[in-house]
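Residues in the sequence shown are numbered from 1 upward in steps of one, following the UniProt record's numbering.
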Amino acid sequence: MVFRDRTVMNSRQDRTFSLSSNVSTTTSPSNNSSGNSETHTVTVSIGGHTTGTVHRRPPKPMIVLFTQNRKTKRLALVTVDIDEDTEVNPDRCNCRRSGNDGASCTIAAMEQKRGTLNLVARRFESRDGDVDWNLAKLALGRQGEREYTGAVWKDVRRISIMFPTPKDRETFGGTPNLCQCASRTEAELANCLKERRHKGQLGLVREFGRQQLNEYHRERFGSQQDVVRGMRDDIR
1 MVFRDRTVMN SRQDRTFSLS SNVSTTTSPS NNSSGNSETH TVTVSIGGHT
51 TGTVHRRPPK PMIVLFTQNR KTKRLALVTV DIDEDTEVNP DRCNCRRSGN
101 DGASCTIAAM EQKRGTLNLV ARRFESRDGD VDWNLAKLAL GRQGEREYTG
151 AVWKDVRRIS IMFPTPKDRE TFGGTPNLCQ CASRTEAELA NCLKERRHKG
201 QLGLVREFGR QQLNEYHRER FGSQQDVVRG MRDDIR
């Protein structure tokens with residue numbers, strides 16, 4: 001999920017972060033994850049004619065914000081990992097209000113577990129001379145590098161995004177103030193996410209990540225035989 005932004009960013013003392021979005025684009029993942037397991041499963045030789053399977057835990061989906069400070073013109077990539085506890089909190093904006101105020105809200109306030117936990121965020125500052133955002137910094141193969149580990153943005157409790165129109169905000173975060181879905185079954189959840197669009201693109205991406213993680217656990221533990229060798233969960 002990607003958002004392009006060329007406006008000033010405000011970081012306040014209450015550990016929240018806000019930005020305005022002039023132009024935004026979102027990429028919606030497929031909700032069928034059955035064809036993605038091959039990228040997280042590798043067969044290796046463990047001696048003689050014996051082979052083992054290495055199951056790699058799938059990476060979490062992330063939001064990527066392309067930002068630029070109005071004053072300094074400095075570019076920065078901001079990423080936020082998404083899991084089942086990452087959601088838009090309508091209590092932080094005008095979505096809970098009745099009448100036109102609620103319907104016209106343009107702010108999506110993302111929090112982790114209703115603001116009780118910090119978001120998993122990273123900030124990649126541009127170097128002098130950079131004229132564009134360098135997405136290569138986000139490659140999975142570079143996550144062990146010093147620049148990646150050093151980009152961790154600590155103590156971020158909320159990221160608020162102001163969209164150009166309420167429709168753009170709804171496309172991203174849905175209409176959580178209207179959602180009263182039980183979602184006890186897969187069919188009910190699909191109706192909430194796909195038909196009613198109560199959780200927006202963020203809800204679809206979060207569900208995609210859940211499906212990938214469930215598939216990983218099924219293959220990781222469901223395929224074990226009486227003797228299992230070469231199975232590791234610590235390879236990212």
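Don't be surprised by glycine CBs; every beta carbon is placed ideally from N, CA and C.
Restricting attention to 143, 139 and 158, the CA atom closest to the CA of residue 116 is found in 158.
In terms of CA proximity to residue 190, 208 leads the group 173, 208 and 60. When the beta-carbon positions are compared, residue 200 and residue 171 come within less than 8 Å of each other.
In the structure shown, the three-state DSSP call for residue 168 is helix.
Looking at the backbone, the Cα of residue 181 and that of residue 71 are separated by about 44 Å.
Secondary structure at residue 124: strand, using DSSP grouped into helix, strand and coil. For residue 169, the number of other beta carbons within 10 angstroms of its own is at least 16, and it is reported as buried.
Here residue 108 carries a strand assignment [DSSP, helix/strand/coil]. By the CB criterion at 8 Å, residue 96 and residue 177 fall inside the cutoff. Closest in alpha carbon position to residue 78, among 195, 103, 105 and 63, is 63. Residues of the same chain with a CB within less than 6 Å of the CB of residue 92, apart from the 5 flanking positions on each side, are 109 in chain order. Between residue 198 and the set 185, 187, 215 and 175, the nearest pair of CA atoms involves 175. Membership of residue 215 in the alpha helix (DSSP H) is indicated by the continuous run 200 to 222.
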